[in-house]
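Numbering (this note's numbering), first residue to last: 212 to 286.
Ideal Cβ placement from N, Cα and C applies to all residues, glycine included.
Quick caveat: nothing in here was measured; it's all calculated off a predicted structure.
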């Protein structure tokens with residue numbers, strides 16, 4: 212997920228444009244709600260779901276992401 216659009220807890224996911232604040236808050240809330248619904252539907256269908264956030268793909272964080280992926284795929 213992109214941190215900004217999907218409202219990750221990192222700094223990149225916490226900013227909101229200064230104009231049309233109500234529009235953006237509604238837009239972001241819909242995105243988060245849709246993401247949760249889709250993950251729930253996939254899990255109900257028997258899938259495992261792992262969200263990878265944009266900020267987790269930075270070069271300095273790739274080793275941690277690789278370990279997380281290996282654990283996830285080994286399940």
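Item	Value
Residue from 235, 286 and 219 with nearest C-alpha to residue 258	286
Assigned exposure category for residue 213 - 16 Cβ within 10 Å defines buried	exposed
Residues near residue 252 in its chain [Cβ-Cβ closer than 8 Å; skip 5 each side]	none
Coil, strand or helix - residue 263 by DSSP	coil
Identity of the residue in 250, 230 and 276 nearest residue 265 by Cα	276
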